Amino acid sequence: NAGVTQTPKFQVLKTGQSMTLQCAQDMNHNSMYWYRQDPGMGLRLIYYSASEGTTDKGEVPNGYNVSRLNKREFSLRLESAAPSQTSVYFCASSGSRPNEQFFGPGTRLTVL
Amino acid sequence: KQEVTQIPAALSVPEGENLVLNCSFTDSAIYNLQWFRQDPGKGLTSLLLIQSSQREQTSGRLNASLDKSSGRSTLYIAASQPGDSATYLCAVMFDKLVFGAGTILRVKS
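Line order of the protein sequences matches chains A and B.
Residues 1 to 112, numbered by the working numbering, are exactly what the first sequence covers, in order.
Residues 1001 to 1109, numbered by the working numbering, are exactly what the second sequence covers, in order.
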């Protein structure tokens, strides 16, 4: 079992560019999440998907969109990247809310 | 507002010491509380999960307690080792998972 995987590991964008962060889990979990981690602010929830076909906003959704492609995959899209979106992005999954969450290795994104 | 606070922000101890990390939260209506470990530049590793109906959980040298009424949890690490050096994060599941800012632990050999 790979657990939760994320691609890419690192990315540098210019302001205004778009990109999609990919996440997949092989634990047959229903729920998936996207967080961002910034120094001194802990992790904050961007979006989550309680089950296939549903998505909901978290604490900091502005500037992001998500797609729950199937039960395994949950992607995060930045349509027009801004320097304020420079952060480390983590994907997580759980069997069902509010159970234990398992995290991927993260994507380190820099927006210039 | 649902908030999670961790004290201290950083801790440095000699190898072999027993230590306690503290986590406090503002709302007693929680589903569970999870302790994570994060190594520099890495993802989060789940250490212990305490359901709201439980008082403590143990795994090896780690013991986590939960007191919902006072809004507190502690993570006790016995006989600390240099390999325990990492950032420890407390996360509380309210209607969503809310993280503390973490405690940076350094165990000196």
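We put the CB at the ideal spot given by N, CA and C, even for glycine.
Being a predicted model, the structure only gives us computed values, none of them experimental.
query                                                                                                                   : result
Contact list for the region 1041-1055 of chain B against chain A, Cβ threshold 7 Å                                      : K1042, G1043, L1044, S1046 and L1049
Segment limits, beta strand (DSSP E) that includes B/V1098                                                              : L1097 to F1099
The region 29-39 of chain A touching the region 1012-1030 of chain B, judged by at least three CB pairs closer than 8 Å : no
Chain-ordered neighbours of A/P105 on chain B, where CB pairs are closer than 8 Å                                       : K1042 and G1043
According to DSSP, residues forming a beta bridge with A/R77                                                            : A/T20 and A/N65
Any 3 or more C-beta pairs closer than 8 Å across the region 4-13 of chain A and the region 43-54 of chain A            : no
Classification of A/R36 by the beta-carbon crowding that lies within 10 angstroms, buried from 16 upward                : buried
Delimiting residues of the beta strand (DSSP E) encompassing A/Q37                                                      : S31 to D38
Alpha-carbon spacing of A/L109 relative to A/C23, whole angstroms                                                       : 15 Å
Collapsed DSSP secondary structure at A/G42 in the structure displayed                                                  : strand
A/S51 in three-state terms, based on DSSP                                                                               : coil
Whether A/P83 touches A/L112 by CB criterion (9 Å)                                                                      : yes
Separation of B/R1055 from B/D1084, as counted between CA atoms                                                         : 24 Å
CB contact below 9 Å: A/Y64 versus chain B                                                                              : no
B/G1041 versus A/Y48, A/S87, A/N28 and A/N62, residue with shortest Cα-Cα distance                                      : A/S87
Supposed contact pair A/L78 and A/Q85 - C-beta distance, whole angstroms, cut 8 Å                                       : 6 Å
Other residues of its chain near B/L1021: CB distance less than 6 Å, five sequence neighbours each side excluded        : L1075, Y1088 and T1103
Sequence-distant residues of the same chain with beta carbon closer than 8 Å to B/M1093, five excluded per side         : I1030, Y1031, N1032, L1033 and Q1034
Among B/K1108, B/A1009, B/S1012 and B/V1098, nearest to B/T1026 - alpha-carbon criterion                                : B/V1098
CB-CB length for B/S1080 against B/V1013, believed under 8 Å                                                            : 6 Å
Per-residue contacts from A/L69 into chain D (C-beta, under 7 Å)                                                        : Checking the listed chains, one finds no chain D in this structure; the protein chains it contains are A and B.
Nearest-angstrom Cα separation, counted from A/P39 out to B/L1044                                                       : 15 Å
Identity of the residues DSSP links to B/I1007 by a beta bridge                                                         : B/N1022
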